[in-house]
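A.B. asks:
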Amino acid sequence: MGMSEQTGSPERVDERDTMFARMERRAGTFAYDDYYARRPAARSGDDRLRRMTPLLGPGGQHYDPRVAGEAAEYFRAIGDIEVDGGLVERWKAWVRPSRNPTETIKALVRSLGAVAVGCAELDQAFIYTRKGRFDADYGRQVDLRHPSAIVFLVEMDFAAMQHAPCAPVIRESARQYYRAAEIGKVLEAVLCACGYAARAHYDAHYDVILPPLAVKAGLGELGRNNILVADRFGSRVRIGAVTTDCPVDHDAPVSLGIDRFCEVCRKCADNCPSHALSDGARVPVRGVGKWPTVPERCHGYWRQVGTDCGICMAACPFSHPDTVLHRLVRRTVRVAPWLSRPLVRLDDLFYGRRWKVTGR
Ligand code: B12
Ligand code: SF4
Ligand code: SF4
Numbered sequence: 175m176g177m178s179e180q181t182g183s184p185e186r187v188d189e190r191d192t193m194f195a196r197m198e199r200r201a202g203t204f205a206y207d208d209y210y211a212r213r214p215a216a217r218s219g220d221d222r223l224r225r226m227t228p229l230l231g232p233g234g235q236h237y238d239p240r241v242a243g244e245a246a247e248y249f250r251a252i253g254d255i256e257v258d259g260g261l262v263e264r265w266k267a268w269v270r271p272s273r274n275p276t277e278t279i280k281a282l283v284r285s286l287g288a289v290a291v292g293c294a295e296l297d298q299a300f301i302y303t304r305k306g307r308f309d310a311d312y313g314r315q316v317d318l319r320h321p322s323a324i325v326f327l328v329e330m331d332f333a334a335m336q337h338a339p340c341a342p343v344i345r346e347s348a349r350q351y352y353r354a355a356e357i358g359k360v361l362e363a364v365l366c367a368c369g370y371a372a373r374a375h376y377d378a379h380y381d382v383i384l385p386p387l388a389v390k391a392g393l394g395e396l397g398r399n400n401i402l403v404a405d406r407f408g409s410r411v412r413i414g415a416v417t418t419d420c421p422v423d424h425d426a427p428v429s430l431g432i433d434r435f436c437e438v439c440r441k442c443a444d445n446c447p448s449h450a451l452s453d454g455a456r457v458p459v460r461g462v463g464k465w466p467t468v469p470e471r472c473h474g475y476w477r478q479v480g481t482d483c484g485i486c487m488a489a490c491p492f493s494h495p496d497t498v499l500h501r502l503v504r505r506t507v508r509v510a511p512w513l514s515r516p517l518v519r520l521d522d523l524f525y526g527r528r529w530k531v532t533g534r
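The numbering used here numbers the first residue of the sequence shown as 175 and each following residue consecutively.
1) Would you call the stretch 237 to 252 and the stretch 344 to 356 touching, i.e. three or more CB-CB distances under 8 Å?
2) Can you tell me whether Val498 is buried or exposed? The criterion is at least 16 other CB atoms within 10 Å of its CB, across all chains shown.
3) Taking the C-alpha atoms as reference points, what is the distance between Asp433 and Arg440?
4) Check each candidate in Leu430, Ala267, Arg264 and Pro275 and name the one with the smallest Cα separation from Asp423.
5) How about Ala489: is its Cβ closer than 7 Å to a heavy atom in ligand 3?
6) Looking at the secondary structure, which residues open and close the beta strand (DSSP E) in which Val291 lies?
7) Would you say the beta carbon of Leu451 comes nearer than 7 Å to a heavy atom of ligand 1?
8) Secondary structure at Gln478, three-state DSSP: helix, strand or coil?
9) For Ile413, which of helix, strand or coil comes out of DSSP?
10) Under 8 Å: do the stretch 302 to 315 and the stretch 184 to 191 share three or more Cβ pairs, one atom per stretch?
11) In whole angstroms, what separates the C-alpha of His375 from that of Ile301?
12) Can you give me the C-alpha to C-alpha distance between Cys368 and Gly259, rounded to a whole angstrom?
13) Can we count Ala288 as close to ligand 1, meaning its CB is less than 7 Å from some heavy atom?
14) For Gln235, which of helix, strand or coil comes out of DSSP?
15) Find the nearest neighbour of Gly313 within the set Lys266, Ala205 and Cys472, judged by alpha-carbon distance.
16) Any heavy atom of ligand 3 inside 7 Å of the beta-carbon of Gly454?
17) Does any heavy atom of ligand 3 sit closer than 7 Å to the C-beta of Phe326?
18) If we ignore side chains and look at the alpha-carbon of each, how far apart do Met335 and Arg398 end up?
19) What is the rounded straight-line gap between the Cα of Pro321 and the Cα of Ile357?
20) Within the continuous alpha helix (DSSP H) that includes Phe332, where are the two ends?
21) Could you check whether the stretch 477 to 488 touches the stretch 329 to 344, counting it as contact only if at least three pairs of C-beta atoms, one from each stretch, sit closer than 8 Å?
22) Answer with buried or exposed for Ser514, where buried requires no fewer than 16 other C-beta atoms within 10 angstroms of its C-beta.
23) Excluding five sequence neighbours on each side, which residues of the same chain lie with their C-beta closer than 7 Å to the C-beta of Val364?
24) Which first and last residues belong to the alpha helix (DSSP H) in which Ala205 is found?
25) Within 10 Å of its beta-carbon, does Phe492 have 16 or more other beta-carbons around it, so buried, or fewer, so exposed?
26) Does DSSP put Arg373 in a helix, a strand or coil?
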């Protein structure tokens, strides 16, 4: 079954069921009692995970107080991002007069530091049914009727990701979450100033599932690692999006040969320290054939090491630097996906099959 092949009408996801939302539940609150009354089987496992060392807290195997402090500061600062009014006015003057501002919007997003940007129809299947991340709006129905999503990627630094799963990766995640939030908030402000409805989706403030929107916007394919594998940067990207009623042209999904390559490669699954990724065949998940993640295993490993791991992003052959040689290999995968097997062998030869942990 091909990656985008539908086997039925996709059900929507309730944000309350996602790992980060579950980890927010605290015994004694309405949200905790309500959630585990609905999902009694998840309670003891989630309680066990909650008792483990918190992320960025002392006690994790790769805890480094200085790096953890910096990462925490980036995450905190996301809430304080203020959009520069002058910048909004300047871009408004470009975007507003245009009847189809797609190219101007893309130029804005790139100028703010995104490495790629695309537009997609906002499929209701990728919108959460209910909010779950914060007790304050726990269970609130998500009503998002914007017809389009502007989706963009920010690059995760190659050198920092070589340290996966050690402390530098979580600082890099935090930095790029900050950057993606900043870009999203500026774009949201510019579109609103032009009279459109717009909402930025960024760290912990999501109404949408981002990887499928990025696939729809032509930014890459879903890999065996169950996240986006993008052109030029592989999985070494974070995704941001702004949904809007601004009339933008929708991009078409792309085929980079990754779908086929993943069938033989399996490097992410083989190197995942918690065995959260599948090395088997695709299975249908909400009507889509894909390799699923076991989120409890992944998150359990994070709590053990104190970072957000990232090996499945860093070890992916598509995440190598965007050099002439790697561009040539990517092109070969795209035009001749049947050469995947020898190309995987070559990657193993040059980079090794096993991920080497560098750092603490
Ligand atoms: C919850 C969450 C997690 C949870 C649970 C993930 C899960 N699969 O259940 C945990 C803690 C395990 C996790 C781990 C990681 N995450 Co995470 N996570 C999220 C979050 C906040 C919500 C995703 C969600 O709702 N998942 C629950 C359901 C939907 O999961 P699912 O059925 O397995 O579906 C997944 C994919 O199949 C795909 N998808 C869903 N429906 C469809 C439909 C189609 C047609 C297609 C093609 C794809 C697709 O999207 C889902 C991504 O989790 C997103 C941000 C966002 N709003 O999207 C980031 C996000 C997916 N995570 C991200 C990353 C990078 C990671 C990690 C590498 C950690 C790190 N160092 O950064 C690991 C990788 C784990 C893995 N290999 O699967 C990035 C992915 C970037 C990319 N290149 O695609 C995101 C988009 C955050 C961001 N803003 O960039 N994550
Ligand atoms: S982040 Fe680490 S533990 Fe989680 S799926 Fe990726 S490799 Fe496995
Ligand atoms: S590591 Fe290999 S199998 Fe995993 S996503 Fe990347 S190309 Fe696919």
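Glycine included, C-beta positions come from ideal geometry on N, C-alpha and C.
C.D. replies: A quick look at the data gives this:
1) In the pairwise beta carbon analysis, the stretch 237 to 252 is classified as touching the stretch 344 to 356: at least three pairs are separated by under 8 Å.
2) Translated into positions along the sequence shown, residue 498 becomes position 324. Classification for Val498: exposed.
3) Residue 433 sits at position 259 when you count from the first residue of the sequence shown. Residue 440 sits at position 266 when you count from the first residue of the sequence shown. Whole-angstrom Cα-Cα distance: 11 Å.
4) The residue given as residue 423 occupies position 249 in the sequence shown. Of the candidates Leu430, Ala267, Arg264 and Pro275, the one whose C-alpha sits nearest the C-alpha of Asp423 is Pro275.
5) As a working note, residue 489 is residue 315 in the sequence shown. Under cutoff, so the answer is yes.
6) Reading the sequence shown from its first residue, position 117 is the one you call residue 291. That run of the beta strand (DSSP E) goes Ala290 to Glu295.
7) Indexing the sequence shown from 1 puts residue 451 at position 277. With a cutoff of 7 Å, Leu451 counts as near ligand 1, since its C-beta is closer than that to a heavy atom of the ligand.
8) Position 304 of the sequence shown, counted from the start, is the residue given in the question as residue 478. In the structure shown, Gln478 sits in a helix (DSSP, three-state: H, G or I).
9) The residue labelled residue 413 in the question sits at position 239 within the sequence shown. Secondary structure at Ile413: strand, using DSSP grouped into helix, strand and coil.
10) Enough Cβ pairs lie closer than 8 Å, so yes.
11) Your numbering for residue 375 matches position 201 in the sequence shown. Your numbering for residue 301 matches position 127 in the sequence shown. Rounded to the nearest whole angstrom, the C-alpha separation of His375 and Ile301 is 11 Å.
12) As a position in the sequence shown, residue 368 is number 194, starting the count at 1. As a position in the sequence shown, residue 259 is number 85, starting the count at 1. Rounded to the nearest angstrom, the two C-alpha atoms are 13 Å apart.
13) Counting from one through the sequence shown, the residue named residue 288 turns up at place 114. It does not: the Cβ of Ala288 is nowhere closer than 7 Å to a heavy atom of ligand 1.
14) Mapped onto the sequence shown, residue 235 falls at position 61. Coil.
15) Translated into positions along the sequence shown, residue 313 becomes position 139. Looking at the Cα atoms, Ala205 is the closest of the given residues.
16) What you label residue 454 is simply residue 280 of the sequence shown in a count that begins at 1. Every heavy atom of ligand 3 is 7 Å or more from the Cβ of Gly454, so no.
17) What you label residue 326 is simply residue 152 of the sequence shown in a count that begins at 1. Phe326 has its Cβ no nearer than 7 Å to any heavy atom of ligand 3.
18) Numbered from its first residue, the sequence shown carries residue 335 at position 161. Numbered from its first residue, the sequence shown carries residue 398 at position 224. The straight-line gap from Cα to Cα measures roughly 19 Å.
19) The residue labelled residue 321 in the question sits at position 147 within the sequence shown. The residue labelled residue 357 in the question sits at position 183 within the sequence shown. As the crow flies, the alpha-carbon of Pro321 is around 20 Å from that of Ile357.
20) For this step, residue 332 is matched to residue 158 along the sequence shown. Run containing Phe332: Phe332 to Met335, per the alpha helix (DSSP H) assignment.
21) The stretch 329 to 344 and the stretch 477 to 488 touch, with three or more beta-carbon pairs separated by less than 8 Å.
22) As a first step, residue 514 is located in the sequence shown; it is residue number 340 there, counting from the start. Label assigned to Ser514: buried.
23) Residue 364 sits at position 190 when you count from the first residue of the sequence shown. Once the five neighbours on either side are set aside, the close Cβ partners of Val364 are Val262, Trp265, Lys266, Val269 and Leu282.
24) Along the sequence shown, read from residue 1 onward, the residue named residue 205 stands at position 31. Run containing Ala205: Phe204 to Arg212, per the alpha helix (DSSP H) assignment.
25) What you label residue 492 is simply residue 318 of the sequence shown in a count that begins at 1. Flag for Phe492 reads buried.
26) Here the question's residue 373 lines up with position 199 in the sequence shown. Three-state DSSP puts Arg373 in a strand.
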